[in-house]
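Residue numbers (this note's numbering): 23 to 259.
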């Protein structure tokens with residue numbers, strides 16, 4: 023299975039632009055990968071929410087929305103599966119979620135279980151976390167998804183002998199990454215799985231330097247440069 027980890031720029035509250043970035047990645051990857059993965063909350067931007075529910079409810083997306091329908095259609099048109107973070111609305115509740123889309127269907131929807139996606143002193147009961155983990159099957163692979171702080175707070179809940187995909191939004195400086203932070207992430211990933219794929223988006227407001235990495239056995243075995251849009255292609259047997 024060939025997986026592309028897409029570290030492209032996204033913009034807060036600009037879903038149309040972020041969708042165009044997803045389609046751009048699909049167009050250039052068609053015929054080359056089986057699955058493209060994007061970072062946490064990529065569809066709307068990690069800092070898209072204001073923590074005022076009446077405003078934020080119009081930003082979050084339901085699984086039945088036209089936007090998600092377009093993603094389903096693109097997986098058929100380009101023959102590529104997708105995994106992307108997004109801000110989800112389900113009834114009157116908002117989550118930081120990650121959807122896997124393949125063959126025109128939503129095949130998995132994971133809701134982050136750690137609280138770090140929100141400014142929780144400013145939020146009310148409309149902003150919630152999920153409480154379930156679990157794997158799904160795609161292209162013959164068993165895949166588990168964790169979002170950002172999940173692997174720092176409860177790595178044991180994500181332990182798997184198979185592949186783990188880790189979409190994040192992490193805006194350390196490049197100096198911090200190079201001074202040992204990347205090694206810390208690789209070591210933390212090893213608490214959950216031998217093979218972990220991390221993908222981080224780029225943005226400019228505030229600055230996120232992006233990056234995508236393949237961790238194996240607690241070491242970084244492949245990656246792409248910070249501050250550059252790119253797709254890291256990893257082949258998983």
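Ideal Cβ placement from N, Cα and C applies to all residues, glycine included.
Assignment of residue 223 by DSSP, reduced to helix, strand and coil, places it in the coil class. A Cβ-Cβ distance of about 14 Å is found for the pair residue 149 and residue 68, leaving them out of contact under the 8 Å criterion. Rounded to the nearest whole angstrom, the C-alpha separation of residue 44 and residue 131 is 18 Å. The DSSP assignment places complete beta strand (DSSP E) segments of no fewer than 3 residues inside the stretch 166-193 at 185-189, in order along the chain. Residue 142 has no beta-bridge partner at all, per DSSP. The C-alpha of residue 240 lies about 43 Å from the C-alpha of residue 76. In this structure, the beta-carbon distance from residue 184 to residue 154 does not fall below 9 Å. Here residue 248 really is in contact with residue 199; their C-beta atoms are around 7 Å apart, less than 8 Å. Residue range 127-133 is occupied by the beta strand (DSSP E) that includes residue 133. By the neighbour-count definition (other C-beta atoms within 10 Å, threshold 16), residue 62 is a buried residue. CA-CA distance, residue 137 to residue 151, rounds to 7 Å. With respect to the 9 Å criterion, residue 231 and residue 256 are not classified as neighbours on the basis of their beta carbons.
Nearest C-alpha to residue 217 among 168, 85, 110 and 94: 168. Selection 147, 93, 252 and 102 evaluated against residue 112 yields 147 as nearest (Cα-Cα).
For residue 160, the three-state secondary structure derived from DSSP is strand. The DSSP assignment places 37-51, 75-78 and 88-100 as complete runs of the alpha helix (DSSP H) inside the stretch 29-104, in order along the chain (cut-off: 4 residues).
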